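Peer 1: Each residue of the sequence shown is one higher than the one before, counting from 315 in this note's numbering.
We put the beta carbon where it would ideally sit given N, CA and C, even for glycine.
None of these values were measured; they are calculated from a predicted model.
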Amino acid sequence: MKYDVVVVGAGPAGSTAAKFLAEKGVKTLLVDRERFPRWKPCAGGLCPHVESVSPKGLFSQTGLVKSMCRSYTTFSPSKRFHWEYLSETPVFYNVDRKEFDQWLMQHALDAGAVFLDNTRITKVRVSPSEAVVETKGGETLNCEAVVGAGGVNCPVAGFLRRKKGVEGVWRRNIGVSIVEELRVDERFIEDVYGEKKKALVYLKHEGLTGYAWVFSKKNTVNVGFAGFHSEVKKKSIKKMFHGFLLYLKKQGFLPKEAESKGMKGALLPYRGPVDETYMDRILLVGDAAGFVSPLTGEGIYYAMDSGKMAAETLVSSFETNRFSSKTLGEYQRMWMRKWGRDLKVLLLFRAGLMKWGEHIVSLGMRDQRLLRLYAGLVNGELKPNEVKWRLLRRLVFTSFFFTPCCFFEKYLEETLV
315 MKYDVVVVGA GPAGSTAAKF LAEKGVKTLL VDRERFPRWK PCAGGLCPHV ESVSPKGLFS
375 QTGLVKSMCR SYTTFSPSKR FHWEYLSETP VFYNVDRKEF DQWLMQHALD AGAVFLDNTR
435 ITKVRVSPSE AVVETKGGET LNCEAVVGAG GVNCPVAGFL RRKKGVEGVW RRNIGVSIVE
495 ELRVDERFIE DVYGEKKKAL VYLKHEGLTG YAWVFSKKNT VNVGFAGFHS EVKKKSIKKM
555 FHGFLLYLKK QGFLPKEAES KGMKGALLPY RGPVDETYMD RILLVGDAAG FVSPLTGEGI
615 YYAMDSGKMA AETLVSSFET NRFSSKTLGE YQRMWMRKWG RDLKVLLLFR AGLMKWGEHI
675 VSLGMRDQRL LRLYAGLVNG ELKPNEVKWR LLRRLVFTSF FFTPCCFFEK YLEETLV
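1) Is it buried or exposed for Glu556, if we count other Cβ within 10 angstroms and need 16 for buried?
2) Look up Tyr399 in the DSSP assignment and say whether it is helix, strand or coil.
3) Can you say whether Phe473 is buried or exposed, counting buried as having 16 or more other CB atoms within 10 angstroms of its CB?
4) If I follow the unbroken alpha helix (DSSP H) through Asp656, where does it start and stop?
5) With a threshold of 7 Å on Cβ separation, who are the neighbours of Thr454 within its own chain once the five nearest residues in sequence on each side are excluded?
6) With a Cβ-Cβ cutoff of 8 Å, do Cys356 and Ala513 count as a contact?
7) What is the DSSP secondary structure of Asn699, counted as helix, strand or coil?
8) Find the nearest neighbour of Arg664 within the set Leu522, Thr534, Glu590, judged by alpha-carbon distance.
9) In three-state DSSP terms, what is Thr534?
10) Within 10 Å of its beta-carbon, does Gly479 have 16 or more other beta-carbons around it, so buried, or fewer, so exposed?
11) How do the segment 653 to 661 and the segment 364 to 378 stand: do at least 3 beta-carbon pairs fall below 8 Å, yes or no?
12) Does DSSP put Arg501 in a helix, a strand or coil?
13) Restricting to Cα atoms, I'd like to know which of Ser491, Leu343, Glu494, Phe334 is closest to Gly323.
14) List the DSSP bridge partners of Leu684.
15) Just reading off the beta strand (DSSP E) that Ser385 is part of, what are its end residues?
16) Can you tell which of Asp594, Leu598, Gly482, Lys669 has its C-alpha closest to the C-alpha of Ser638?
17) In its own chain, which residues sit with a C-beta less than 7 Å from the C-beta of Phe542, not counting the 5 before and 5 after it?
18) Excluding the 5 residues preceding and the 5 following Ala689 in the sequence, name in chain order all residues of the same chain whose CB lies nearer than 6 Å to its CB.
19) Counting only the same chain and skipping the five closest in sequence on each side, list residues whose C-beta sits under 6 Å from that of Ser607.
20) Using the C-alpha atoms, what's the distance from His673 back to Leu709?
21) Buried or exposed: which applies to Glu633, given that a residue is buried once 16 or more other Cβ atoms fall within 10 Å of its Cβ?
22) Where in the segment 532 to 613 do unbroken runs of the beta strand (DSSP E), each at least 3 residues long, occur, reported from the N-terminal end onward?
23) Would you give the residue range spanned by the alpha helix (DSSP H) that Arg485 belongs to?
24) Use the C-beta contact count for His519: other C-beta atoms within 10 angstroms, 16 or more gives buried, fewer gives exposed.
25) With H, G and I counted as helix, E and B as strand and the rest as coil, what does DSSP make of Leu378?
26) Between which two residues does the alpha helix (DSSP H) carrying Arg647 extend?
27) In chain order, which beta strand (DSSP E) runs of at least 3 residues are fully inside the segment 443 to 480?
28) May I ask you to verify whether the segment 401 to 410 touches the segment 686 to 701, counting CB pairs closer than 8 Å and requiring at least 3?
29) Hey, could you find the ends of the beta strand (DSSP E) Asp318 is sitting in?
30) Quick check on DSSP: helix, strand or coil for Leu418?
31) Below 8 Å between beta carbons: does that hold for Gly586 and Leu667?
32) Could you have a look at Val490 and say whether DSSP puts it in helix, strand or coil?
33) Are the CB atoms of Leu642 and Tyr592 nearer to each other than 8 Å?
34) Whole angstroms are fine: how far does the CA of Ser491 sit from the CA of Glu545?
35) Does Pro326 pass the burial test, meaning 16 or more other C-beta atoms within 10 Å, or should it be called exposed?
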């Protein structure tokens with residue numbers, strides 16, 4: 315069957331791309347290997363700026379929001395230091411990914427896209443005259459262009475990376491998150507996490523390059539951790555995860571009777587975007603392109619925004635009937651101008667936080683301005699490329715004036731003990 319565009323992957327990136335394409339009259343097929351609705355291993359936190367690229371009413375009218383987080387506590391790697399951040403406005407909104415992804419997919423259908431779930435793509439081909447996608451069931455889908463939105467293991471992205479010769483580099487820089495959403499009594503959540511639905515963040519959990527988290531929702535608590543795949547595979551994941559649950563129970567952050575029904579894992583890009591997210595008749599969006607914040611792991615905003623930009627690029631291509639890499643390269647220039655440099659800066663910030671997390675958290679306990687800068691990076695309020703020097707100056711200033719206090723306190727504590 316012939317379509318104008320085939321979008322492979324019906325997550326936030328793919329559904330957003332399909333919606334905008336269909337709204338412009340582009341004959342669009344949205345394909346996903348899973349049967350919808352489906353739950354995806356994810357913390358489920360949406361930063362406020364997601365609303366700028368989502369269908370109207372996401373946070374106010376849909377009922378998708380399970381809780382609004384207006385407070386979080388960040389623990390240093392040793393858990394010796396921690397800072398508290400309180401906000402009058404939401405730092406992020408907690409949703410159920412099963413419901414959220416279904417909602418986005420339905421908007422794509424309402425716009426006129428065709429949806430084909432439970433369909434695995436096995437092969438992608440590109441010629442000067444068309445693109446061809448083949449399914450595991452033997453169906454051949456012909457189109458003018460393909461959008462790869464199938465995550466880290468997207469077959470479209472794999473095809474592009476092999477053509478560009480970067481598959482090996484990509485595989486060495488994959489991360490993994492381990493997640494479970496545990497059902498918890500609402501009263502417990504209110505008593506422990508309060509009206510502000512406090513989130514918990516543990517830097518370098520078990521030495522991983524990343525963090526562990528606890529996000530409280532309405533009657534569930536999302537618990538997980540992330541790190542490089544090469545780090546995680548060396549450890550006993552089950553033992554590490556259940557050890558974290560036991561720790562949370564001892565600290566009173568989970569009820570003692572909370573029962574694990576089974577953790578799930580998901581791969582995520584961990585070192586930023588691939589060098590080129592386009593080629594003849596192909597564009598990559600979302601996780602398939604590497605669009606995830608290296609600092610927080612948040613990727614839904616970048617997924618949806620890249621889906622929108624990919625759709626805009628393809629709509630322009632249909633006007634000229636040109637789908638070469640030269641024409642589609644405008645897509646890369648668009649995302650690079652908007653937030654490409656931000657992702658590079660966040661990669662540096664993550665490296666600093668992983669190396670000096672103990673010291674940085676101890677400084678944040680004493681300097682509210684430093685804490686607010688960090689919070690602005692977390693919730694998307696501040697653009698990393700615009701505040702990088704301000705943040706570095708603040709770190710130097712705070713280190714100069716507060717570090718002696720930190721070391722003096724540590725000296726007294728160790729001496730008295």
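Peer 2: Let's see:
1) The residue given as residue 556 occupies position 242 in the sequence shown. Per the sequence shown, residue 556 should be read as His rather than Glu. Exposed, since its Cβ has fewer than 16 Cβ neighbours within 10 Å.
2) Along the sequence shown, read from residue 1 onward, the residue named residue 399 stands at position 85. Tyr399: strand per DSSP, three-state reduction.
3) Here the question's residue 473 lines up with position 159 in the sequence shown. Its Cβ being crowded by 16 or more others within 10 Å, Phe473 is buried.
4) On the sequence shown, residue 656 is found 342 positions in, with the first residue counted as 1. Its alpha helix (DSSP H) spans residues 655 to 678.
5) As a first step, residue 454 must be located in the sequence shown, where it is residue number 140. Correct list, in chain order: Val446, Glu448.
6) For the purposes of this step, residue 356 is identified with residue 42 of the sequence shown, where counting begins at 1. For the purposes of this step, residue 513 is identified with residue 199 of the sequence shown, where counting begins at 1. No, the pair does not count as a contact, with Cβ atoms beyond the cut-off.
7) Start at 1 with the first residue of the sequence shown, and residue 699 comes out as number 385. Here Asn699 sits in helix by DSSP.
8) Indexing the sequence shown from 1 puts residue 664 at position 350. Nearest C-alpha to Arg664: Leu522.
9) Numbered from 1 along the sequence shown, position 220 holds the residue referred to as residue 534. Thr534: strand per DSSP, three-state reduction.
10) Taking the sequence shown and counting its residues from 1, the one referred to as residue 479 is at position 165. Exposed, by the Cβ-count rule.
11) no
12) The sequence position of residue 501 within the sequence shown is 187, counting from 1. Reduced to three states, the DSSP call for Arg501 is helix.
13) In the sequence shown, counting from the first residue as 1, residue 323 sits at position 9. The option with the nearest alpha carbon to Gly323 is Leu343.
14) Mapped onto the sequence shown, residue 684 falls at position 370. Paired residue(s): none; Leu684 is not in a bridge.
15) Your numbering for residue 385 matches position 71 in the sequence shown. It spans 385 to 389 - the beta strand (DSSP E) in which Ser385 sits, taken as one unbroken run.
16) Taking the sequence shown and counting its residues from 1, the one referred to as residue 638 is at position 324. The shortest C-alpha separation from Ser638 is found at Asp594.
17) Locating residue 542 in the sequence shown gives position 228, counting from the first residue. Counting only Cβ-Cβ distances below 7 Å, and skipping sequence neighbours, we find Gly489, Thr523, Tyr584.
18) For the purposes of this step, residue 689 is taken as residue 375 along the sequence shown, with counting starting at 1. Once the five neighbours on either side are set aside, the close Cβ partners of Ala689 are Tyr399.
19) Position 293 of the sequence shown, counting from 1, holds the residue named residue 607. Leu660, listed in sequence order.
20) The residue labelled residue 709 in the question sits at position 395 within the sequence shown. The residue labelled residue 673 in the question sits at position 359 within the sequence shown. So the two alpha carbons sit approximately 10 Å from each other.
21) By one-based count along the sequence shown, residue 633 stands at place 319. Glu633 comes out exposed.
22) 534 to 542, 578 to 583, 596 to 598
23) Residue numbering aside, residue 485 sits at position 171 when the sequence shown is read from its first letter. It spans 481 to 486 - the alpha helix (DSSP H) in which Arg485 sits, taken as one unbroken run.
24) Residue numbering aside, residue 519 sits at position 205 when the sequence shown is read from its first letter. His519 should be labelled buried.
25) Numbered from 1 along the sequence shown, position 64 holds the residue referred to as residue 378. Leu378 falls in the coil class under three-state DSSP.
26) Along the sequence shown, read from residue 1 onward, the residue named residue 647 stands at position 333. Here the alpha helix (DSSP H) through Arg647 covers 639 to 649.
27) 445 to 449, 454 to 462
28) yes
29) Taking the first residue of the sequence shown as 1, we reach residue 318 at position 4. Counting along the chain, the beta strand (DSSP E) containing Asp318 begins and ends at 316 to 322.
30) Here the question's residue 418 lines up with position 104 in the sequence shown. In this structure, Leu418 counts as helix in the three-state DSSP scheme.
31) Taking the first residue of the sequence shown as position 1, residue 586 is located at position 272. Taking the first residue of the sequence shown as position 1, residue 667 is located at position 353. Against a cut-off of 8 Å, the Cβ pair of Leu667 and Gly586 comes out as no contact.
32) Here residue 490 corresponds to residue number 176 of the sequence shown, with the count starting at 1. Val490: strand per DSSP, three-state reduction.
33) For the purposes of this step, residue 642 is taken as residue 328 along the sequence shown, with counting starting at 1. For the purposes of this step, residue 592 is taken as residue 278 along the sequence shown, with counting starting at 1. Result yes, Cβ atoms of Leu642 and Tyr592 sit closer than 8 Å.
34) As a working note, residue 545 is residue 231 in the sequence shown. As a working note, residue 491 is residue 177 in the sequence shown. Cα to Cα, Glu545 sits roughly 11 Å from Ser491.
35) Here residue 326 corresponds to residue number 12 of the sequence shown, with the count starting at 1. It is buried - the Cβ of Pro326 has at least 16 other Cβ atoms within 10 Å.
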